[in-house]
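Residue numbers (this note's numbering): 11 to 278.
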């Protein structure tokens with residue numbers, strides 16, 4: 011049983027809320043910790059909608075690249091071989107995997123063939139998520155938080171629309187995606203460090219390790235942090251709110267909270 015350590019208590023006056031840094035995919039569950047915080051809250055905030063219809067919008071948007079927006083002809087032969095070594099064929103595990111990995115391809119295609127015509131951000135996520143799930147990363151803290159909140163009858167609000175999230179994905183620099191795909195041999199080491207730092211609640215370690223990750227970029231972090239903060243502020247002002255955002259957003263949001271006079275303390 012693991013205790014969630016990426017939790018910050020936010021206070022101003024007599025109003026208190028909690029900010030949780032989520033691991034969007036992880037090998038361990040934190041349902042007990044989440045239930046503890048959510049059960050005492052009035053409101054739960056999440057980054058964006060997580061239902062099947064909205065996830066399908068993401069998948070369909072990224073499924074079909076074109077001559078100006080795909081990985082085709084961008085990767086060298088060695089990188090392609092390394093990608094194919096990850097797995098030669100795909101065994102879909104959910105509707106999300108099925109759409110991402112087999113949309114428009116046959117089941118006998120190599121891994122690279124299955125992703126090369128997708129938009130680069132979708133190609134990256136397809137491979138990364140598949141590899142992580144293959145290694146037991148089957149928990150999604152955001153979805154667990156949503157299910158717990160709904161089960162307890164809490165008010166749930168999403169800070170972004172799915173269209174806004176897709177627009178941010180479209181702006182991930184291609185060079186960051188290509189660079190990360192050329193380092194598949196380093197992925198396991200990266201994943202192990204991520205797990206170690208997350209379990210310890212070591213935000214500094216998580217952020218230093220995220221430097222090479224494709225989504226640690228302006229469109230995903232720098233541009234969205236102020237938006238997430240602005241939209242969560244009315245709920246934080248009322249207190250008794252649990253806000254769940256990706257852990258890489260914590261540093262920026264924490265700075266804005268401090269600037270606005272809140273005290274923000276990590277919970278051991």
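For each residue, glycine too, the CB sits at the ideal point set by N, CA and C.
For residue i, the residue or residues it bridges with in DSSP
i: residue 267; result: DSSP, once it has assigned bridges, lists no residue as partnering residue 267.
i: residue 26; result: 21
i: residue 32; result: 256
i: residue 168; result: 56
i: residue 274; result: 20
i: residue 251; result: 53
i: residue 149; result: 36
Residue i burial status per 10 Å Cβ neighbour count (16 or more: buried)
i: residue 154; result: buried
i: residue 270; result: exposed
i: residue 219; result: buried
i: residue 110; result: Low confidence applies here, because residue 110 scores a pLDDT of 48, under 50, leaving its location unreliable and the question unanswered by this model.
i: residue 160; result: exposed
i: residue 152; result: buried
i: residue 268; result: exposed
i: residue 222; result: exposed
i: residue 162; result: exposed
i: residue 232; result: exposed
Whole-number beta carbon distance between residue j and residue i, since they are thought to touch under 8 angstroms
i: residue 130; j: residue 80; result: 7 angstroms
i: residue 260; j: residue 14; result: Not a contact, Cβ separation roughly 13 angstroms.
Heavy atom of the ligand GDP within 8 angstroms of residue i beta-carbon
i: residue 267; result: This structure does not include the ligand GDP; it has no bound ligands of any sort.
Range of the contiguous alpha helix (DSSP H) that encloses residue i
i: residue 238; result: 234-248
i: residue 208; result: 197-210
i: residue 11; result: Note, residue 11: premise wrong, no alpha helix (DSSP H); not H, not E.
i: residue 96; result: 87-96
Residue closest to residue i, alpha-carbon to alpha-carbon, out of the options
i: residue 188; options: 133, 95 and 147; result: 133
i: residue 224; options: 202, 185 and 212; result: 185
i: residue 39; options: 12, 50, 91 and 27; result: 12
i: residue 17; options: 231, 168, 210 and 164; result: 210
i: residue 56; options: 41, 200, 70 and 32; result: 32
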